[in-house]
Amino acid sequence: MKLGPFIIDGRRVMEQRRRLELLGRSRVMLLRLFFVLTLIAVPTYAQRIAILTPENKGGDIDYAARLADSLSGSIKILDHSMSESAFRSVAIGSVFNMTVAEARAAATVMGCDRFLLVRTGAHRRTSLSRSDYYESFAFLYLVDGRTGSLVSWIRKSSDADTQVKADAALADSVDVAAKELSSLFNNLNAAKFKTTAATSVEEVPSEGSPAAINLKPPIPYKRIKPEYTSTAFLYDVRATIDIEADISADGSVLATRITRWAGFGLEESVDAAVRVMNWRPALRNGRPLPMRVLLRYNSTKVDRDR
């Protein structure tokens with residue numbers, strides 16, 4: 076007879092435990108949701124971004140200032156003059172054709188997570204389908220400070236029958252560029268920019284070193300020339316693209332990583348060419364092995380009629 080109340084109390088205890096478990100799970104789910112939202116929303120402002128005008132032209136400075144104003148509501152923009160001074164203290168061979176090592180060094184000195192290079196210009200254009208016109212353009216190079224990689228290259232261009240009108244139209248495009256950049260920042264914060272290079276792959280040793288004895292580095296059976304993009308052709312771009320390629324023991328391309336960038340779609344062109352090549356793998360004492368090789372491509376404008 077005395078077991079009845081005990082069983083009833085036991086059920087109540089079980090019900091209370093279940094309620095507490097459900098409440099605990101709900102709290103955990105809410106905390107996880109808050110954490111995810113924090114990763115997406117908060118870091119956008121917390122990220123430190125430097126906007127730079129390496130050529131220090133009036134048009135560059137004006138466009139960069141407008142861009143900073145448009146972005147300042149959602150992104151932390153570092154002081155322009157301090158960022159410029161720090162950036163100039165780094166030895167860089169070609170500002171708009173940097174190596175990832177140079178870019179990382181610049182970001183470290185400036186104390187930023189990412190930086191944006193701004194370059195503007197103007198051209199008088201001719202066309203068979205219309206009268207001569209004027210173009211104003213802005214090139215934006217978004218660089219990840221952690222990896223030194225070019226995250227995105229953006230071109231904004233406006234044309235009109237006079238240079239003044241073209242310049243005004245380009246100035247009006249700042250808000251559009253700011254929205255594109257904000258979207259990029261959000262995507263990068265939600266999923267960190269990843270590189271594809273495998274760190275475990277041996278690199279080609281220096282010539283004459285012990286590791287180079289009886290070693291044949293990987294080579295393509297047939298070299299494929301990367302396409303010189305139409306955008307690069309339009310602006311008469313001369314640049315060098317460096318790419319690391321990890322070649323497996325069977326000659327397939329495991330991964331690639333751009334180590335010197337220039338924009339204008341040249342990185343994508345080089346990467347595509349390297350990936351479609353058929354490779355002879357590295358050989359040490361006649362045995363194939365995976366190895367990382369560094370390739371360099373010089374891109375320059377060639378008359379397309381040739």
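Here this note's numbering is used: the first residue of the sequence shown is 76, the next is one more, and so on. We put the CB at the ideal spot given by N, CA and C, even for glycine.
Enclosing alpha helix (DSSP H) for residue i [first to last residue]
i: Lys240; result: Gln238 to Asp247
i: Arg179; result: Val175 to Met185
i: Ile136; result: Gly133 to Leu146
i: Ala385; result: Because the chain is modelled from 76 through 381, residue 385 falls outside the range shown and cannot be assessed.
Inter-residue Cα distance where the pair is residue i and residue j
i: Ile150; j: Ser211; result: 27 Å
i: Ser158; j: Ile322; result: 39 Å
i: Gly361; j: Ile288; result: 12 Å
i: Ala244; j: Ala182; result: 32 Å
i: Leu364; j: Ala314; result: 32 Å
i: Ser374; j: Leu215; result: 20 Å
i: Ala176; j: Thr237; result: 42 Å
i: Ala29; j: Tyr209; result: Since the first and last residues shown for the chain are 76 and 381, residue 29 lies out of range.
i: Ser305; j: Val377; result: 11 Å
i: Leu329; j: Asn353; result: 12 Å
i: Ala161; j: Ile316; result: 25 Å
i: Ser206; j: Asp247; result: 24 Å
i: Ala213; j: Lys231; result: 5 Å
i: Ile318; j: Thr174; result: 10 Å
i: Glu130; j: Arg332; result: 28 Å
i: Arg359; j: Pro301; result: 29 Å
i: Ile152; j: Thr128; result: 14 Å
i: Ser227; j: Leu217; result: 5 Å
i: Lys254; j: Arg221; result: 23 Å
i: Val184; j: Tyr310; result: 31 Å
Beta strand (DSSP E) segment containing residue i, residue limits
i: Gly196; result: Arg189 to Arg200
Residue(s) in a DSSP beta bridge with residue i
i: Arg367; result: Glu278 and Asp321
i: Trp354; result: Pro295
i: Trp228; result: Tyr216
i: Arg362; result: Arg359
i: Asn373; result: Thr315
i: Tyr208; result: Arg200
i: Thr331; result: Ala320
i: Arg123; result: Lys151
i: Ala235; result: Tyr209
i: Leu290; result: Arg359
Nearest candidate by alpha-carbon position, reference residue i, set the options
i: Ser327; options: Asp234, Val368 and Ser284; result: Val368
i: Ala252; options: Asp242, Glu343 and Arg141; result: Arg141
i: Leu146; options: Ala161, Phe162 and Arg123; result: Arg123
i: Lys291; options: Ile318, Glu278, Ile126 and Arg298; result: Glu278
i: Ala139; options: Arg199, Val170 and Arg194; result: Arg194
i: Ile229; options: Ala320, Leu358, Met366 and Phe339; result: Phe339
i: Thr334; options: Ala357, Asp219 and Pro280; result: Asp219
i: Gly148; options: Asp250, Ala246, Lys300 and Tyr310; result: Asp250
i: Ile299; options: Val349, Ala320, Leu263 and Leu203; result: Val349
i: Asp325; options: Val165, Asp311, Pro129 and Pro293; result: Pro293
i: Ala320; options: Leu309, Tyr310, Pro356 and Asp311; result: Pro356
i: Lys132; options: Leu192, Ala166, Ser169 and Asn172; result: Leu192
i: Leu341; options: Asp137, Leu259, Asn172 and Ser164; result: Asn172
Exposure label - residue i; buried when at least 16 CB within 10 Å
i: Ala337; result: buried
i: Ala307; result: buried
i: Val351; result: exposed
i: Asp135; result: buried
i: Pro285; result: exposed
i: Ser344; result: buried
i: Tyr372; result: buried
i: Asp188; result: buried
i: Ser283; result: Looking at the sequence itself, residue 283 is Gly, so the reference to Ser does not match. Gly283 comes out exposed.
i: Ser275; result: exposed
i: Asp346; result: buried
i: Leu95; result: Note that Leu95 scores a pLDDT of 42, beneath 50, so its modelled location is shaky; the value from the coordinates is reported in the next line. Result: exposed.
i: Ser233; result: buried
i: Ala125; result: buried
i: Asn262; result: exposed
i: Arg179; result: buried
i: Tyr303; result: buried
Closer than 8 Å to chain D by CB, residue i
i: Ser164; result: Although the question refers to chain D, the structure presented lacks it and comprises just one protein chain.
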